[in-house]
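Numbering (mature numbering (1 follows the signal peptide of the UniProt record, and there is no 0)), first residue to last: -15 to -1, 1 to 511. Note that the Cβ used here is the ideal one computed from N, Cα and C, for glycine as well. Each remark here refers to the structure printed beneath this line.
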């Protein structure tokens, strides 16, 4: 059994499409989870549609010979953008027969002639050829350096980043053709240096073993670093293309901008944003596939095809847990990606730019639930988590459920899915421990009241299991791998008599919390 948890003046078209060409560091394939490439989270950081052609194992040569650049050229239009980055599979510098490009020093020699007598080109030539093809279609091209591997800390106190040997050729191809050059590798390496070796290792899967492939968090940071690299390059496409603020990106252009290794890594994990789906995988008896993505609303999750991808994988007896709400709250502006408020269904405000009807939250959730139930799976729909704004004063408590909870519950009743009041159980826990202990569950910077740190994510996951017990959910007995005593105590805030009645005198350290929950260090269960 498996869980599927959701937790322009430069010639650009008004509705440009970005085409991604690359290898596994950029690619997204749900069959390869928990490996995630940075092209996947980039979709939610830019203003344009992304079509990700990146494929695991690709080199600039194989991408050319297998026709992927040709496929992009067949679809790309004036004002569209192609972003291309290779290198990790072009590195067979002494054996180009394996799929690598020809090292410049071997051009014209027998080593750079394939088994059919065809010339094997250099990396620069393959990239330049592809670039000219796209520019010939009046598209814009960004060539990028390769991402760094997790091998740049020779010791905990020693940082040594060596760029890919193909970066020089990629930059030369950009200069030769008039494409833009973005030094993604430098910006991402700078981020690694700023957070230090341990935090860097946690961006790869499995940590300290796989030195090449990122997990979801690593892919997310890699995408942020790519946008930072665009800003560092003063790329003229950046202002129209990038949707997020500069403050959300990684900070540095090159490792030289970082004075000390680990200077931005917190002494503990209190400033790392972690969703509750991560610790949840350690609290249940089944494999968990976490499809949750930063910035998703139920509408955007539907539109991006993620529910369909889950439906392609889910089988009879599996379980899907779905919870949204914080990004569906643009109630007066559904064009921003939110669901349609019920009172506006069918009205012009709920028709998108292409003339398609925008559904209500209930409509999207019901459609997804019916899709999974049709495959013989179980579906649990959940209320949204509370924010850290439930204490107006240290001695007053006011929890207001998400306005989308009622629609989520209605979708469960409509489809026969299970409903779980996660928000109520988590809010009850917050009330029981009081405002100071609750605030410790959220990152300390920028007064973040929405996203939990590792401590908060663990307690939210435990509260979800408590909410299942409160709902008398028949799946809970076989699902839960921890003891009931490890869970928060209460179903609703009304069950808590006094604010802070259960607050410990000293907040327990993270290792103590883990032992209480029966957590392990097995990170492969994602």
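| Check | Outcome |
| --- | --- |
| Once you ignore the five residues that flank residue 1 on each side, which residues in its own chain have a CB closer than 7 Å to its CB? | 33, 64, 65 and 66 |
| Looking at the unbroken alpha helix (DSSP H) that takes in residue 50, where does it start and where does it end? | 45 to 50 |
| When the Cα of residue 209 is compared with those of 194, 166, 382 and 279, which residue comes out closest? | 279 |
| So, for residue 115: in the same chain, excluding its five sequence neighbours on each side, which residues have a beta-carbon less than 6 Å away from its beta-carbon? | 54 |
| Looking only at C-alpha atoms, which of 19, 8 and 30 sits nearest to residue 75? | 8 |
| Could you tell me the distance, in whole angstroms, from the CA atom of residue 254 to the CA atom of residue 425? | With a pLDDT of 47 at residue 254, under the threshold of 50, the predicted position of this residue should be treated as unreliable, and no value is reported. |
| Which one or two residues does DSSP pair with residue 444 in a beta bridge? | In DSSP, residue 444 forms no bridge with anything. |
| So what does residue 205 bridge to, in DSSP terms? | In the DSSP output, where bridge partners are listed per residue, residue 205 has none listed. |
| Mind listing, in chain order, the continuous beta strand (DSSP E) runs of no fewer than 3 residues lying wholly within the segment 149 to 209? | 165 to 167 |
| How big is the Cα-Cα spacing for residue 181 and residue 292? | 36 Å |
| Can you tell me where the alpha helix (DSSP H) with residue 419 in it begins and where it stops? | 407 to 424 |
| For residue 223, does the count of other Cβ atoms within 10 angstroms reach 16, so buried, or fall short, so exposed? | buried |
| Roughly how many angstroms lie between the CA atoms of residue 162 and residue 246, to the nearest whole one? | 37 Å |
| Apart from the five residues on each side of it in sequence, which residues of its chain come closer than 6 Å, Cβ to Cβ, to residue 68? | 5 and 127 |
| Among 287, 365, 386 and 374, which has the Cα closest to the Cα of residue 402? | 365 |
| Return the residue from the list 220, 189, 109 and 61 that minimises the CA-CA distance to residue 122. | 61 |
| Using only the alpha-carbon positions, how far apart do residue 298 and residue 19 sit? | 15 Å |
| What does the Cβ neighbour count give for residue 342, buried or exposed, with the cut at 16 atoms within 10 Å? | exposed |
| From the DSSP output, read off the bridge partner residues of residue 363. | 304 |
| What does DSSP give as the partner residue(s) for residue 234 in the beta ladder? | Note: residue 234 sits in no beta bridge, so no partner. |
| Would you kindly check if the distance between the Cβ of residue 227 and the Cβ of residue 31 is under 9 Å? | yes |
| Considering only residues of the same chain and omitting the five flanking positions on each side of residue 452, which have a CB-CB separation below 6 Å? | 405, 406, 407 and 410 |
| Return the CA-CA distance between residue 211 and residue 15, expressed in angstroms with no decimal places. | 22 Å |
| Compute the Euclidean distance between the alpha carbons of residue 57 and residue 41, then round it to the nearest angstrom. | 17 Å |
| Please return the same chain residues whose Cβ sits closer than 7 Å to the Cβ of residue 248, not counting the five positions on each side in sequence. | 179 |
| Please classify residue 513: is it buried, with 16 or more other beta-carbons within 10 angstroms of its beta-carbon, or exposed? | There is simply no residue 513 to check, as the chain begins at -15 and stops at 511 in what is shown. |
| Between the Cα of residue 484 and the Cα atoms of 90, 11 and 379, which residue gives the shortest distance? | 379 |
| Alpha carbon to alpha carbon, what distance is there between residue 240 and residue 385? | 45 Å |
| Within the continuous alpha helix (DSSP H) that includes residue 283, where are the two ends? | 283 to 288 |
| Rounded C-beta distance between residue 522 and residue 131? I'm assuming under 8 Å. | Nothing can be reported for residue 522: it is not among the residues displayed for the chain, which extend from -15 to 511. |
| Could you have a look at residue 93 and say whether DSSP puts it in helix, strand or coil? | coil |
| Can you name the start and end residues of the beta strand (DSSP E) that residue 125 belongs to? | 125 to 129 |
| In this structure, how does DSSP classify residue 484 when only helix, strand and coil are distinguished? | coil |
| Would you kindly work out how many angstroms separate the C-alpha atoms of residue 301 and residue 454, rounded to a whole number? | 23 Å |
| What whole-angstrom Cβ distance do residue 270 and residue 466 have, given they're in contact under 8 Å? | 5 Å |
| Express the C-alpha separation of residue 171 and residue 311 in angstroms, rounding to a whole number. | 34 Å |
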